[in-house]
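Chemist: For the first sequence, the numbering used here assigns the number 1 to the initial residue and increments by one for each residue that follows. Even glycine gets a Cβ: it sits at the ideal position worked out from N, Cα and C.
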Amino acid sequence: MTLSLKDLITQALQDVVSKLLVDVETNKTPSVALTRPKQKEHGDYAVNIAMPLAGLLKQNPRQVAETILANVQFPDAVASAEIAGPGFINIKLQAGGETDILKGILQQGKRYGCVDNSQGERVNLEFVSANPTGPMHVGHGRGAVVGDSLANVMKARGYQVHKEYYINDAGTQIGVLANSVWLRIQELQDISITFPDGAYPGDYIIEIAKEILETHDFASFEAMDATSRLQKLGTLAVAANMTMIRSDLKQVGIEFDQYFSEKTLHESGKVLQLIEKLESDDLIYTGTLPPPKGKEVKDYNPIEQRLFRTTDFGDDVDRPLMKQDGTATYFAADIAYHADKFERGFKHMIDIWGADHGGYITRVQAAMKALTGLEKQPEVLLVQMVNLTRDGVPFKMSKRAGTFVTLSEVVEEVGKDAVRFNFMTRRIESQFDFDLEAAKAKDAENPVYYVQYAHARIHAVLKKAESEGVRLAKVGDVNTSLLTSDEASKLIKMLLVYPDMLETAADRREPYRIATYIMQLAAAFHSFYHHNRVLGVEEELMQARLLLLRATAQVIQNALELLGVNAPETM
RNA sequence: GCGCCUGUAGCUCAGCUGGAUAGAGCAACGGACUUCUAAUCCGUAGGCCGCAGGUUCGAAUCCUGCCAGGCGCGCCA
């Protein structure tokens with residue numbers, strides 16, 4: 001791996017820092033961090049290292065900066081370094097010092113910004129995991145898009161990512177689903193039914209009922225006893241829903257490496273084995289839980305039950321693993337699931353959950369600590385709620401009432417690219433107001449068209465060049481140091497920052513950075529385009545500008561691909 | 001009552017784990033198409049960074065306490 005210019009400068013400074021600290025007693029050596037200053041006058045890079053050092057050396061920052069500059073051995077590409085403000089060191093590079101890297105972008109192509117690492121850390125990334133009781137709604141869509149993009153960035157930065165979907169195909173909800181389908185099946189046979197409050201009212205249940213009747217005799221269900229009928233219908237309905245969910249996911253360009261069924265955990269006995277193990281490790285005792293806070297519980301009656309000592313591992317209260325009816329709780333299955341991931345060799349797990357599961361994090365992590373000794377596993381990313389509006393008027397979403405808006409409907413209405421890009425324009429910690437009309441609008445309000453337009457524009461120029469018989473010079477022969485205009489410098493800077501941006505996006509699990517970045521990159525390009533003519537200028541300069549355009553197109557394409565968004569050549 | 005998330009321009013959001021004069025887009029106003037795609041660009045205006053303390057050379061960023069909004073708090077998943 002070759003060191004970038006930035007790395008070389010950082011190293012040169014770091015060496016001096018270590019030397020200066022030789023005689024100082026300290027347990028920490030401040031690390032040099034180059035930044036890109038906002039103001040052009042502050043040079044190409046700036047370092048604040050003199051400030052933290054000043055405290056340790058008991059000198060004033062500017063003095064320290066002088067000492068550093070007197071001793072540092074910068075690489076040749078550094079034109080000047082001067083002290084500014086309270087003690088910043090501003091570094092200016094030779095004119096065109098970094099423009100060479102543009103050539104690297106074209107040589108690396110799709111790999112620019114990526115890290116090759118076959119030894120990269122294995123990570124299990126679980127996301128979406130929407131219940132198989134209906135189609136995906138918009139809220140699921142956000143988690144899906146974020147998860148998929150995160151997987152892409154982390155892969156690009158050398159992690160080995162395994163994408164997993166946990167199917168909650170066990171528990172009472174499946175019973176409700178099965179019953180709802182059974183009612184609809186009877187209804188389709190003109191049997192009069194009463195549809196209870198608890199059942200799922202959505203029309204998709206009728207579709208599922210129809211589908212099932214296409215391959216199964218009504219009589220065969222009638223012949224069964226109620227329990228096995230519901231079991232059979234549950235299985236069929238889950239399968240139908242998963243087919244639907246997978247197609248919803250495919251519609252936004254998402255596929256998983258593995259779909260993991262909760263049911264199999266129960267059937268294989270893994271859940272019970274887990275409970276037995278905890279029993280034998282003396283982590284379970286008989287006790288009574290206090291009544292819940294928050295809401296009034298009228299008929300609260302304390303029950304004595306077997307409790308898992310999760311409080312010993314950081315949880316607020318101990319948790320039951322078995323319900324009164326003798327079946328396992330969701331929590332029991334979930335820790336069996338995460339334990340299974342661990343057994344499959346994943347020491348690092350990331351789960352993406354909806355904000356409504358926030359209260360669940362501590363108990364799962366506590367359980368995992370008890371079982372595996374791992375700290376803070378799984379690493380949970382909470383995605384805040386999506387508030388859907390149309391022209392500013394909110395939609396009430398309720399799966400129960402059947403009034404939710406499906407992801408599929410939204411994708412059909414506004415398109416995959418707009419959905420994916422829009423979901424990536426905000427940090428996951430902030431709630432998302434998703435307005436259907438705004439997302440659909442093909443105007444400046446919609447950032448996805450802004451960036452796609454930039455890409456298409458570049459290709460328009462390239463095509464024009466081709467049609468005019470312009471022959472692209474060999475990359476190595478292009479004189480990139482001619483790219484000196486303000487707009488060109490800004491654009492080049494944006495292109496150079498790309499690998500750093502990807503690194504933070506991956507390491508900090510902040511894939512939204514990619515979207516923010518592309519918008520800035522597109523802005524830098526549009527500005528360049530407007531002020532610098534590419535075709536028809538003097539040959540050498542034209543070749544340099546064409547190279548810059550190609551590099552820009554490459555980076556836009558790479559970045560959009562990570563977001564699962566198309567980079568069109570014409571619009 | 002407790003836990004998690006949020007509060008930055010009229011609106012929607014960035015602000016690179018403490019740096020230099022807090023930035024974009026939309027909306028408003030004023031400009032730029034005989035010239036590579038105007039789905040674009042350039043400019044003007046717009047800010048007690050929720051409030052109050054604290055930490056330090058330096059705070060939108062870290063800590064504490066309030067205020068406001070969202071989510072959650074029995075063997076539902």
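1. For Ala-465 and Thr-570, what's the separation of their Cα atoms in angstroms?
2. Is it true that the segment 279-289 meets the segment 246-260, where meeting means three or more beta-carbon pairs spaced less than 8 Å apart?
3. Is the beta carbon of Ala-84 closer than 7 Å to that of Leu-93?
4. Would DSSP call Val-565 helix, strand or coil?
5. Counting C-beta neighbours from all protein chains within 10 Å, is the total for Ile-603 16 or more, i.e. buried, or is it exposed?
6. Does DSSP put Phe-434 in a helix, a strand or coil?
7. From Met-136 to Met-244, what distance separates their C-alpha atoms?
8. Which of the three DSSP states is assigned to Asn-422 in this structure?
9. How is Pro-30 classed by DSSP in three states: helix, strand or coil?
10. Who are Phe-576's beta bridge partners in DSSP?
11. Roughly how many angstroms separate the alpha carbons of Tyr-285 and Asp-248, rounded to a whole number?
12. So what does His-162 bridge to, in DSSP terms?
13. What's the C-alpha gap between Val-555 and Met-154?
14. So, for Glu-82: in the same chain, excluding its five sequence neighbours on each side, which residues have a beta-carbon less than 6 Å away from its beta-carbon?
15. What does DSSP give as the partner residues of Leu-472 in its beta bridges?
16. Considering Cα atoms alone, identify which of Leu-546, Gly-314, Asn-124 and Gly-158 is closest to Arg-363.
17. Straight-line CA distance for Leu-547 to Val-478?
18. Just the Cα atoms here: how many angstroms apart are Asp-351 and Leu-125?
19. Measure the CB-CB distance between Glu-262 and Ala-170 and report whether it falls below 7 Å.
20. Just the Cα atoms here: how many angstroms apart are Ala-490 and Gln-11?
21. Look at the alpha carbon of Ala-226 and the alpha carbon of Ile-174, and state the distance between them as a whole number of angstroms.
22. State the DSSP-derived secondary structure class of Met-136, mapped to helix, strand or coil.
23. Tell me which same chain residues have a C-beta within less than 7 Å of the C-beta of Ala-454, skipping the five on either side of it?
24. Check each candidate in Arg-122, Val-497, Thr-99 and Gly-139 and name the one with the smallest Cα separation from Val-475.
25. With a 10 Å radius around its C-beta and 16 neighbouring C-beta atoms as the bar for buried, classify His-531 as buried or exposed.
26. Are the CB atoms of Pro-302 and Arg-349 within a distance shorter than 7 Å?
27. For Ile-361, which three-state DSSP category applies?
28. Following the continuous alpha helix (DSSP H) through Gly-234, name the residue where it begins and the one where it ends.
29. What's the gap between the Cα of Ala-441 and the Cα of Tyr-449?
30. By the three-class DSSP mapping on this structure, what secondary structure does Gly-269 have?
31. Buried or exposed for Met-224, going by 16 or more other Cβ atoms inside 10 Å?
32. Could you tell me which of Thr-406, Ala-438 and Val-405 sits nearest to Phe-421, measuring between CA atoms?
33. Using 8 Å as the threshold, is the segment 379-398 in touch with the segment 139-156, meaning 3 or more CB pairs across them?
34. Determine contact between the segment 55-68 and the segment 34-44, defined as no fewer than three beta-carbon pairs at a distance below 8 Å.
35. Put Ser-261 into one of helix, strand or coil per three-state DSSP.
36. For Arg-400, count the other beta carbons within 10 Å of its own beta carbon; 16 or more makes it buried, fewer makes it exposed. Which is it?
Modeler: Per the coordinate set shown:
1. One-based indexing of the first sequence puts residue 465 at position 465. One-based indexing of the first sequence puts residue 570 at position 570. Whole-angstrom Cα-Cα distance: 15 Å.
2. Not touching, per the Cβ criterion.
3. The residue labelled residue 93 in the question sits at position 93 within the first sequence. The residue labelled residue 84 in the question sits at position 84 within the first sequence. Cβ atoms of Leu-93 and Ala-84: not closer than 7 Å.
4. Sequence index remark: in the first sequence, residue 565 carries index 565 (1-based). If DSSP states are grouped into helix, strand and coil, Val-565 belongs with coil.
5. Because residue 603 is not part of the residues shown, which for the chain are 1 to 571, the question remains open.
6. Looking up residue 434 in the first sequence gives position 434. Three-state result, Phe-434: strand.
7. To locate residue 136, count along the first sequence from 1; it is residue 136. To locate residue 244, count along the first sequence from 1; it is residue 244. Computed Cα separation, rounded: 9 Å.
8. Walking along the first sequence from the start, residue 422 turns up at place 422. Asn-422: helix per DSSP, three-state reduction.
9. Translated into positions along the first sequence, residue 30 becomes position 30. Secondary structure of Pro-30 (DSSP, three-state): coil.
10. As shown, the chain starts at 1 and ends at 571. That puts residue 576 outside it, with no answer to give.
11. The residue you call residue 285 lines up with position 285 of the first sequence. The residue you call residue 248 lines up with position 248 of the first sequence. Whole-angstrom Cα-Cα distance: 44 Å.
12. By one-based count along the first sequence, residue 162 stands at place 162. For His-162, DSSP records a beta bridge to Asn-124.
13. By one-based count along the first sequence, residue 555 stands at place 555. By one-based count along the first sequence, residue 154 stands at place 154. So the two alpha carbons sit approximately 17 Å from each other.
14. Start at 1 with the first residue of the first sequence, and residue 82 comes out as number 82. So the list reads Asn-90, once near-sequence residues are dropped.
15. Translated into positions along the first sequence, residue 472 becomes position 472. According to DSSP, Leu-472 shares a beta bridge with no other residue.
16. Residue numbering aside, residue 363 sits at position 363 when the first sequence is read from its first letter. Per the Cα distances, Gly-314.
17. The residue given as residue 547 occupies position 547 in the first sequence. The residue given as residue 478 occupies position 478 in the first sequence. Distance between the alpha carbons of Leu-547 and Val-478 is about 8 Å.
18. By one-based count along the first sequence, residue 351 stands at place 351. By one-based count along the first sequence, residue 125 stands at place 125. For Asp-351 and Leu-125, the distance between alpha carbons rounds to 6 Å.
19. As a position in the first sequence, residue 262 is number 262, starting the count at 1. As a position in the first sequence, residue 170 is number 170, starting the count at 1. In contact: Glu-262 and Ala-170 (Cβ atoms closer than 7 Å).
20. As a first step, residue 490 is located in the first sequence; it is residue number 490 there, counting from the start. As a first step, residue 11 is located in the first sequence; it is residue number 11 there, counting from the start. In the sequence as displayed, the identity of residue 490 is Lys instead of Ala. Going from the Cα of Lys-490 to the Cα of Gln-11 covers about 25 Å.
21. The sequence position of residue 226 within the first sequence is 226, counting from 1. The sequence position of residue 174 within the first sequence is 174, counting from 1. Between Ala-226 and Ile-174, the C-alpha separation is close to 14 Å.
22. Position 136 of the first sequence, counted from the start, is the residue given in the question as residue 136. Coil at Met-136, not helix or strand.
23. Position 454 of the first sequence, counted from the first residue, corresponds to residue 454. Answer for Ala-454: Ala-522, Phe-525, His-526 and Ile-556, listed in chain order.
24. Here residue 475 corresponds to residue number 475 of the first sequence, with the count starting at 1. For Val-475, the nearest C-alpha among the options comes from Thr-99.
25. Locating residue 531 in the first sequence gives position 531, counting from the first residue. Exposed is the call here.
26. On the first sequence, position 349 is the one that residue 349 refers to. On the first sequence, position 302 is the one that residue 302 refers to. In the sequence on display, residue 349 carries Met and not Arg. Result no, Cβ atoms of Met-349 and Pro-302 do not sit closer than 7 Å.
27. Mapped onto the first sequence, residue 361 falls at position 361. It is helical.
28. The sequence position of residue 234 within the first sequence is 234, counting from 1. The continuous alpha helix (DSSP H) containing Gly-234 extends over residues 226-251.
29. Start at 1 with the first residue of the first sequence, and residue 441 comes out as number 441. Start at 1 with the first residue of the first sequence, and residue 449 comes out as number 449. Per the coordinates, the alpha-carbon of Ala-441 lies some 9 Å from the alpha-carbon of Tyr-449.
30. Position 269 of the first sequence, counted from the start, is the residue given in the question as residue 269. The answer is coil: DSSP assigns Gly-269 none of H, G, I, E or B.
31. The count along the first sequence starts at 1 and reaches residue 224 at position 224. Exposed: under 16 other Cβ atoms inside 10 Å.
32. By 1-based counting over the first sequence, the position of residue 421 is 421. Residue Ala-438 is the option with its Cα nearest to Phe-421.
33. yes
34. Between the segment 55-68 and the segment 34-44, the count of Cβ pairs shorter than 8 Å is below three; the stretches do not touch.
35. Position 261 of the first sequence, counted from the start, is the residue given in the question as residue 261. Note: Ser-261 maps to strand in three-state DSSP.
36. Taking the first residue of the first sequence as position 1, residue 400 is located at position 400. For Arg-400, the predicted structure reports a pLDDT of 49, less than 50, and the residue's modelled location is therefore unreliable. The matter cannot be settled from this model.
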